[in-house]
Structure formats: structure tokens, C-alpha cells
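Going left to right, the sequence shown walks through residues 0 to 418 as numbering that gives the first Met the number 0 numbers them. Ideal Cβ placement from N, Cα and C applies to all residues, glycine included. Reading through the C-alpha cells given below for one structure.
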Amino acid sequence: MKVESFLILMLFTGVARAAVIEEIRFNGNDVTQEVVMLREMTVKPGDVADMKKIKKSVQYIMNLGLFERVTYSTEPGKDAESIVLLVTVIERYYLLPLPTAKLNDDNHVEYGVKLRWNNVWGLNHRLNWDLINKGPELGARQFTTSFDYLIPRPFSSRYVVNMSIDFERDADDDPVNGEQLQLSSGFGFDVMRWLGKDGVSQGLFAGGGTQYRQKIITSLNPLLAVPVQNQDAVIYAARIGYSGIEEYEFNRAGIFLQYKIETSADDKPGFSVPFVKHEINYKHIHSVGDYPPSNFDYNIVIGSSDNDVLGDKAFSIGGSANLRGYETDAYRGNAMFRANVEYLSAFTDSPAFRKVFFIDIGDTQEKLGDIKFSTLKTGVGTGIRWKVKRFVGLDIRVDVAYGFDASEFRLALGTHNTF
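So this is what it looks like as C-alpha cells:
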């Protein structure tokens, strides 16, 4: 029985105002532990059966992204003034080994595997491991690997902890120092806290962390007396923002806003220099209509840094992740602006599939003041989205984009939303 019907029935019996939640039960959670869902609910046993709070609680559980669908119903309690709230979930598959292959900008085939294990131990922990073979370059083997482990709400607290480690091996033909081998690595952790009064995983948040980055550059030509470059830095970060994006069966809606600052005081002339890097991100995911679900979404990112970061520019744009129609990292600078706008319209008979039309705009310069309307690079295109409901966070996208400044078409592929 739906909560509305049960409360109407109790109204005619004269006890509606005293309806109390006697117990909360869950169905369908073969993997997910109940504590993961209970900490997202704004009602608990002993509370009055408030319809708005119950509906919000169900939506907050859906926002975890772990379930295809979340519904609720009620049963009579042990006495006439109580109800049992039943929450039923349909779990998604949580383990996804994803083979990957693509032709990079150097016409080499990159291939590897991306392992996504969501809901580890049934506690909504997230494990991501990537291993990509980038192919040979200048006689050297290139590859990249990364490992991330996210722990949301440990011990039912309001904190979120993330740990990461990565390593990359690249070869490059430097115009000054010739053929070089570059080894980049790093590890770090981040702690964030939800600040809202209701304790759910949405709303205001603040956090910070630290990471150690190292870059070692050696010459691939034994005849050149080029010294080994060893750049390293300890980077500190802080962020504050608001997350209010809700997950529905076929689409999303809401806003996200974040300000982030990163800094390092390491000063090694010729290797590492101090820097302060700022970045602001705002995105609005706007749901249009009820069925089939459509979206008008936009994303804006502005960044600025007073120095290079470990010998590289602080920002880059280009590629399937941000400026479609251009080579990956085609433009670099210590100041950056980019905006992405997408209109997604679902197919009536298959709402998991949606057609998309988009425009990407962006530029990088040395200073924000150097970014002008005339310097903006633009890409436009169309594509298809497929929300694979059976897996957590798997949204297949296939885009074809035209970059006006590059004067070429490019194919952009991905396994998650553009933003």
C-alpha cells in the first residue's frame, strides 16, 4: 500500500496525525548494506510519517547511483497508529572490467583495461584501476596506470575519503634537448565533509588534501650530455562548493558549483617553482519535460595559475573530455576558460538512448585577461548517448565533432557523461 493511501485511510479513522514509522525495511539489496541507505534518509523509526521527507529520502537513495530504481510502500504496523515503511531497490551490476582501445593523435593504438568496482563490500566504496598501453614512441615503451579508492561516509560519518596513486611513462622529441623519456608519478589523499543539516550526501561541502608529484626526464640519446631533470613538489589543495544533482531512471537534474585552490611552496630553480592555482566550476543539468526525458545542460570552467606546474602549463583543453573536434591537449596555458552546452533528447520508444547536439567553446592563455572572444576555439557536433542501466555509472557516448580552428572532424568516444 502506498503511503498516501494509508494516510488517507488513517485520516478517516481519526488517527492520521499520529501515524508513526515503526520500522524501515529494505528489499532487493542483495549486495548493498542497509546502513548505506539509512544514512541517506531524513526519516527514521519513531518519526511521524511525513510524506515529503519520505519522498526525499527515496530520492537521496537513488542519488547514490547504485540502483536502477527505488520505490516505496507501506504496511500496517503493530498498532493502528504505526506503519512499516518498505523501500525496494533494483541493484545494478557493480563490477565492470572495461577493455579500451583508441587511435591516439600520433596514430598509435592505445589499448588496455579499466576496472570499475563500485559498491565494494556493499558499502558504496569505489575502486578504479586503469592500465593503458600507449604504444611505442622513439623506441621507448609508453604506458600509464592509475589507482583510486573512494570511501564515502566511513563509519556513517559525513566525511568522504579518497586515496590515489598514478604512474606514466612517455617519450617525447624536445626541440631543445632532443629525444627524451619522461616518468611522471604521484600519490595523495583528499578528505571532504558534507555540511548540510540533514546529513545526506548532497548540499554544501568543503574539503582538502595533499599530493606528492614527481617528474623525471632523461635523454634517450646516449651521445647527448643532457643532465637528468628531477622535478617534484608537494601540492596542497582546498575546495568548497555545493552539489545538488539528482539521479533519475534515465537522466539527471540539478546544479553543481565548486571553487578549488591548489598551491605548492617548493622552489627549486630550473626544476620546481611555487604556484597558486585557482579553478571555478559551475554546471547546470536541466531536465526538460517528463517523458521522454530531455535535458538542456551546460558546464563552465574558469582557471588561473601564476606559474607552471612541474614544468608544464597548468591547464589544457582539447579532446573528447572538454573541447571536441580538436586533438587531445591541443591548447595549453596558465589561464583557461571553457564552456560546454548540450541538448539531449530521448527516443520515445527507447528512453535509455538519447540524441545529443552540442557546442564546446574554450581557450588557454598565459593570463585570464588575454582570453578574448576572438581567441576562443569552437567545436560543434552531434552524437548518441546510451544509459546502460544495469551498470553503475556507465553512459556510452559516441560524438562526431567539427573543430572550426582545426578545420577537421573528429570522433569522440566515452563511457561516462561529458560533464
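Leaving out the 5 sequence neighbours to the left and right, which residues in its chain are closer than 7 Å to residue 10 when beta-carbon positions are compared?
Here residue 10 scores only 43 on pLDDT, less than 50, and its place in the model should not be relied on; the value that follows carries that caveat. None.
Relative to the C-alpha of residue 99, which residue among 89, 111 and 401 is closest?
Residue 99 has its Cα closest to that of 111, out of 89, 111 and 401.
Cβ shell of residue 147 (< 6 Å), same chain only, five flanking positions each side left out:
127 and 163.
Contact between the stretch 200-207 and the stretch 174-187: three or more CB pairs below 8 Å?
Flag = no, the stretch 200-207 and the stretch 174-187 do not touch.
Mind checking residue 254: buried by the 16 CB within 10 Å criterion, or exposed?
Burial is judged here by how many other beta carbons sit within 10 angstroms of a residue's own beta carbon; residue 254 has fewer than 16 and is exposed.
Just the Cα atoms here: how many angstroms apart are residue 342 and residue 289?
Roughly 15 Å between the two C-alpha positions.
Is it right to say residue 365 is buried, meaning 16 or more other beta carbons lie within 10 angstroms of its own, or is it exposed?
By the neighbour-count rule (16 or more Cβ atoms within 10 Å), residue 365 is not buried but exposed.
Sort out for me which residues DSSP pairs residue 322 with in a bridge.
Beta-bridge pairing by DSSP links residue 322 to 318.
Measuring CB to CB, does residue 378 end up less than 8 Å from residue 359?
A contact, by the Cβ cut-off of 8 Å.
Suppose you measure from the CA of residue 303 to the CA of residue 41; what does that come to, to the nearest Å?
Going by the C-alpha atoms only, they are around 39 Å apart.
Verify the CB distance criterion: does residue 272 have a CB-CB separation below 8 Å to chain C?
No chain C appears in the structure shown, which is made up of a single protein chain.
So, using beta-carbon positions, are residue 396 and residue 384 closer together than 8 Å?
Between residue 396 and residue 384, the gap from beta carbon to beta carbon is short of 8 Å.
Could you check the C-alpha separation between residue 420 and residue 284 for me, to the nearest Å?
Since the first residue of the chain shown is 0 and the last is 418, residue 420 is not available in this structure.
Three-state secondary structure (DSSP) at residue 15?
Low confidence applies here, because residue 15 scores a pLDDT of 47, under 50, leaving its location unreliable; read the following figure in that light. In this structure, DSSP gives residue 15 a helical state, which the three-state scheme calls helix.
Taking all protein chains shown into account, decide if residue 7 is buried (16 or more other Cβ within 10 angstroms of its Cβ) or exposed.
Per-residue confidence for residue 7 stands at a pLDDT of 49, beneath the threshold of 50, marking its modelled position as unreliable; no derived number is given.
Where does residue 135 fall in DSSP's three states?
Strand.
Nearest CA to the CA of residue 338: which residue from 279, 306, 305 and 349?
Nearest C-alpha to residue 338: 279.
Using only CA atoms, which one of 67, 102 and 199 lies nearest to residue 88?
Measuring from the Cα of residue 88, the nearest candidate turns out to be 67.
What's the C-alpha gap between residue 317 and residue 292?
Near 29 Å, if we compare the C-alpha coordinates of residue 292 and residue 317.
Residue 197 versus residue 403: straight-line alpha-carbon distance, rounded
Approximately 48 Å, taken between the alpha carbons.
For a quick check, are the C-beta atoms of residue 190 and residue 160 less than 8 Å apart?
In this structure, residue 160 lies closer than 8 Å to residue 190 by Cβ.
Give me, in chain order, the residues of the same chain whose beta-carbon lies closer than 8 Å to that of residue 24; leave out the 5 immediate sequence neighbours on both sides.
Hits under 8 Å: 83, 84, 85 and 86.
Between 200, 179 and 183, which has its C-alpha nearest residue 152's C-alpha?
If we check each option's Cα against that of residue 152, 200 comes out closest.
Determine the direct distance from the alpha carbon of residue 340 to that of residue 388, and round the result to whole angstroms.
In this structure, the CA atom of residue 388 is about 24 Å from the CA atom of residue 340.
I need the straight-line Cα distance from residue 59 to residue 39, nearest angstrom please.
Their Cα atoms are separated by approximately 6 Å.
My output table needs one value for residue 7: the three-state DSSP class, helix, strand or coil.
With a pLDDT of only 49 at residue 7, under the threshold of 50, the placement of this residue in the model should not be trusted, and no figure is reported.
Let's test the definition: count the other Cβ atoms within 10 Å of the Cβ of residue 136 and tell me whether it reaches 16, buried, or not, exposed.
For residue 136, the number of other beta carbons within 10 angstroms of its own is at least 16, and it is reported as buried.
From the DSSP secondary-structure annotation, give me the bridge partner or partners of residue 100.
Residue 100 is bridged to 110.
Residue 117: buried (16+ other C-beta within 10 angstroms of its C-beta) or exposed?
Answer is buried; the Cβ neighbour count reaches 16.
Identify, in the order they occur along the chain, each residue of the same chain with its Cβ nearer than 6 Å to the Cβ of residue 241, setting aside the five sequence neighbours on each side.
Only 203 and 256 meet the Cβ criterion.
Taking C-beta to C-beta, are residue 28 and residue 74 nearer than 8 Å?
Contact: no.
Assign residue 328 to one of three DSSP states: helix, strand, or coil.
DSSP, read as helix, strand or coil, puts residue 328 in coil.
Unbroken stretches of the alpha helix (DSSP H), 4 residues or longer, contained in the stretch 33-108:
As far as the stretch 33-108 is concerned, its whole alpha helix (DSSP H) runs of at least 4 residues are 33-37 and 50-61.
First and last residue of the uninterrupted beta strand (DSSP E) at residue 155:
Counting along the chain, no beta strand (DSSP E) covers residue 155, and no H or E run does either.
Of all the options 417, 416 and 412, which has the alpha carbon lying nearest to the alpha carbon of residue 102?
Ranked by Cα distance from residue 102, the options 417, 416 and 412 are led by 412.
Roughly how many angstroms lie between the CA atoms of residue 295 and residue 375, to the nearest whole one?
The straight-line gap from Cα to Cα measures roughly 22 Å.
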